[in-house]
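The next block holds one structure in the form of structure tokens; read it before the comments.
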Amino acid sequence: MNPVKIIKLIVFALAVLAGMAYPASKIIRFEFPGQPPAVYRFRTGIVDPFDPFRGRYVVLRPLPSEVQIPNKGFDPKYAVLGLDEKGLATVTDLTEAPVKGRDCVRLESAYFQNWNKEKPSYGITLPFDRFYLNEELAPEAEKAFNEAIRKGDDVCVIKVNIYQNGDYAIEDLEIEGMPIHQYLKQSTRKE
Numbered sequence: 251m252n253p254v255k256i257i258k259l260i261v262f263a264l265a266v267l268a269g270m271a272y273p274a275s276k277i278i279r280f281e282f283p284g285q286p287p288a289v290y291r292f293r294t295g296i297v298d299p300f301d302p303f304r305g306r307y308v309v310l311r312p313l314p315s316e317v318q319i320p321n322k323g324f325d326p327k328y329a330v331l332g333l334d335e336k337g338l339a340t341v342t343d344l345t346e347a348p349v350k351g352r353d354c355v356r357l358e359s360a361y362f363q364n365w366n367k368e369k370p371s372y373g374i375t376l377p378f379d380r381f382y383l384n385e386e387l388a389p390e391a392e393k394a395f396n397e398a399i400r401k402g403d404d405v406c407v408i409k410v411n412i413y414q415n416g417d418y419a420i421e422d423l424e425i426e427g428m429p430i431h432q433y434l435k436q437s438t439r440k441e
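Numbering of the sequence shown is given in the working numbering, commencing with residue 251 and proceeding in unit increments.
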């Protein structure tokens, strides 16, 4: 075999391996983390209308969207998580980097709101705003979600795995304490 062809074959094989390395490392990091992720349940708020250009999913607005803490003097990048009296996720602090020994999640955005001088706060956007579903189930799930969210703040929650480096993975969407698939099966039996 020609040495030039051998070199081309080796370069091609290395390029293919390099292209597969990133997705493989992401999969391994999420499926086999060094430390198991912490599971948090976030309240969800009222959602935006359906957007047909983004595909089939349920649009979420994870709460809290506002944290009452004084101005940090820097641009917060991470939310330090805790639990409230009902066992649902809450944000206890905002930081520039993950805090060792605490569960943190990277924020989409954070901005200081100085409109109330007695209770200064930050408006925050948590990164998980979509729950993807099978194309056939998504419209039914969004309808059930929109009907349930009107009952109160604690009716719809998203279950999220929070990893030590600030990454996350949405595990499930729960309506009235049931996973969405189970809730949809039960609601179709009632009809």
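We put the CB at the ideal spot given by N, CA and C, even for glycine.
Fair warning: this is a prediction, and the values are worked out from it, not measured in the lab.
- In the pairwise beta carbon analysis, the stretch 277 to 284 is classified as touching the stretch 402 to 420: at least three pairs are separated by under 8 Å.
- Of the residues Leu313, Lys327, Tyr382, the one whose Cα lies closest to the Cα of His431 is Tyr382.
- Each residue's CA atom was taken as its position, placing Pro377 and Gly269 some 26 Å apart.
- Classified as buried, Pro314 has 16 or more neighbouring CB atoms from the shown chains inside 10 Å of its CB.
- Between Ile408 and the set Arg311, Ile260, Tyr361, Arg400, the nearest pair of CA atoms involves Arg311.
- For secondary structure counted as the alpha helix (DSSP H) over 4 or more consecutive residues, the stretch 337 to 423 holds these complete runs in sequence order: 388 to 399.
- Note on geometry: alpha-carbon atoms of Ala274 and Leu267 lie some 10 Å from one another.
- Around Asp353, the same chain offers Ala288, Leu331, Ile412 as residues with beta carbons nearer than 6 Å, after the five sequence neighbours per side are excluded.
- For Phe282, the secondary structure class from DSSP, reduced to helix, strand or coil, is coil.
- For Pro429, the CB contacts under 7 Å within the same chain, skipping 5 residues up- and downstream, are Asp422 in chain order.
- Its Cα nearest to that of Val341, the residue Ala360 stands out among Phe324, Ala360, Gly323.
- DSSP places Gly332 within a strand segment (E or B) once states are collapsed to three.
- Looking at the backbone, the Cα of Leu259 and that of Tyr272 are separated by about 21 Å.
- Under the criterion of beta carbons closer than 8 Å, Leu434 and Ala394 qualify as touching, at roughly 6 Å.
- Residue pairing for Arg293: DSSP places it in a beta bridge opposite Val407.
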